[in-house]
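Have a look at the structure below before the remarks.
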Amino acid sequence: MTSTPTAGARPDDVRRHNRAALLRRLHVDGPSTRASLATTLGLNRSTIKALVDGLAEDGVVEERVPAQRSGAGRPSLLVLPQPQAAVVLAIDIRVDRAAMALVGIGGQILGRDSWRLRAGNREPVEVFTRIVDYFAPLVAEQHVAPVAIGLSVPGVVRHTDGFVHEAPNLHWTDVPFGGWLSHSLKLPVHVGNDAELGALAEHLRGAARNAEDVVYISADVGVGGGVISNGVSMRGAGGHHIGEVGHMVVRPRGRRCYCGSYGCWETEVGERALCRALGLDEESPMGTIVAELRTVTAGGDEALARLDEFAEWLALGLGNVVNLLCPQLVVLGDLFTALPPVLVERVEQVVRERSLVSRAVGGTRVVTSSLGSDAKLLGAAELAFETVLADW
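Take 0 as the starting number for the sequence shown in numbering that gives the first Met the number 0 and just add one per residue.
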């Protein structure tokens, strides 16, 4: 949604607001004509012309004739954002791997790097050192200068300064990771919970682009959730992430969870639970799990029956989440994207049947991520762009 400047604002403030709104629209929605921008932003054509001309002079946008033309007469020019005009560094830290990418306006990934994290090199200082070491070569290769950093971490983080209170699967506690990066790389750093950023990316660029109320549920080593409510990321007290759905107790006498409780949803639908359902060792790498899921998908109903109990627990937890948050759409990310499509359909049907709220809103849809493993990386980029574009 586009905000409206306060009545009585100075002309320079109004111009700056409109410029940021136009650039934000191009960043999220892609190329657009001046006429379409005028309609979308509620501005007259002369204002749009002045804004586009100014951004073009600064090298932030350019105008081109559309590749495909329809009808007679002079075609409307498309206004396109120039990816390298503003670039951010996006970082996604996971339990077993880390990735970083340079992302330009419009969400284009200009260059990337990634590496495995093992027990000996996932300590905070080790991860921080690797990021700093890889930063300069990545920037030099792409010939760009990033203006901000967005960081995704699987844990409880403080948005104001990037302080990681706890990332249990990484065994991190009270780590000022955002401060470290900002001090070393001399750039503003914005840190978010990984599932929260996955939700943001799916809402802006993925399976949830047309939904205003979304829940994103991802399964890696742990299970996390992010919430988009009325088009905005939902956060709790102090700006902290609110989606620790993996620690919702669904089986009180179930397996012990690392959080100290028993029967958390994570113990029934997380990576290790999926390994057990597939008859694999609980420490199997993700590639092995995905390959086995493909075998199940190709094996028909008999093979799919191996996942019946897993699907029941997945549907149970999703039903609770839907009753609580009333989303239009649930997006399943990370390892869940490899689940057999027919299983996802069955889970969706069970959620609709059991959830009073889902029936009331006409049936909550359950889909898999369209961004795959890049969701959290792109979400980290969008977190950084929020400030970059607002201050343009």
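Don't be surprised by glycine CBs; every beta carbon is placed ideally from N, CA and C.
Return the chain-ordered list of same chain residues with a C-beta closer than 6 Å to the C-beta of residue i, the five sequence neighbours on each side being excluded.
i: V174; result: P123, V163
i: A302; result: V295
i: G106; result: R204
i: G103; result: P82, Q83, V86, L109
i: L76; result: E62
i: A389; result: A19
Going by C-alpha distance, which of the options is nearest residue i?
i: D132; options: S113, R117, H142, G119; result: S113
i: T336; options: V248, S368, A98, R96; result: S368
i: L21; options: G278, P10, R9, I47; result: I47
i: T266; options: W312, R293, V356, D390; result: W312
i: V87; options: L109, L328, L77, L54; result: L109
i: P326; options: D373, W391, A207; result: A207
i: S357; options: P339, T38, V321; result: V321
i: A290; options: E281, H158, L277; result: L277
i: G225; options: A135, L331, G41, E347; result: L331
i: R364; options: D373, R351, L370; result: R351
i: G223; options: V329, G259, T287; result: V329
i: L169; options: L324, G253, C258, W264; result: C258
i: R157; options: P145, T172, A144; result: T172
i: A100; options: R117, T128, V78, G149; result: G149
Residues in its own chain within less than 7 Å of residue i by CB, not counting five upstream and five downstream?
i: L203; result: V27, E381
i: S283; result: C274
i: T38; result: none
i: S2; result: Bear in mind that a pLDDT of 49 at S2, under 50, signals an unreliable position, so the model cannot answer this.
i: L306; result: A276, V295, L342
i: M0; result: Residue placement at M0 is poorly supported in this model, since its pLDDT is 45, which falls under 50; the coordinates are not used for a value here.
Which residues does DSSP list as the beta-bridge partners of residue i?
i: T172; result: E165
i: H189; result: G149
i: I47; result: Paired residue(s): none; I47 is not in a bridge.
i: M99; result: I90, D112
i: R255; result: Y261
i: I227; result: V213, S232
i: Q107; result: G103
Please indicate yes or no: does the CB of residue i lie closer than 8 Å to some heavy atom of the ligand GTP?
i: A85; result: This structure does not include the ligand GTP; it has no bound ligands of any sort.
When burial is assigned at 16 or more other CB atoms within 10 Å of the CB, is residue i buried or exposed?
i: D12; result: exposed
i: G269; result: buried
i: K375; result: buried
i: R24; result: buried
i: D91; result: buried
i: A198; result: buried
i: A97; result: buried
i: L377; result: buried
i: N192; result: buried
i: P153; result: buried
i: E56; result: exposed
i: V60; result: buried
i: A297; result: exposed
i: V346; result: buried
i: G316; result: buried
Leaving out five residues on either side along the sequence, give the residues of the same chain with a beta carbon under 8 Å from the beta carbon of residue i.
i: A147; result: V87, L88, L186, P187, V188, H189, A383, F384, T386, V387
i: P251; result: Y261, G262
i: T392; result: Outside the displayed span of the chain (0 to 391) sits residue 392, for which this structure offers no information.
i: R44; result: R33, A34, A37
Just list the beta strand (DSSP E) runs in the stretch 315-364, keeping only unbroken ones of 3 residues or longer that don't cross its boundaries, in chain order.
328-333
In chain order, what are the residue ranges of uninterrupted alpha helix (DSSP H) at least 4 long that sit wholly in the stretch 115-170?
123-141
Could you give the uninterrupted runs of the alpha helix (DSSP H) lying entirely in the stretch 193-225, keeping only those of 4 residues or more?
193-204
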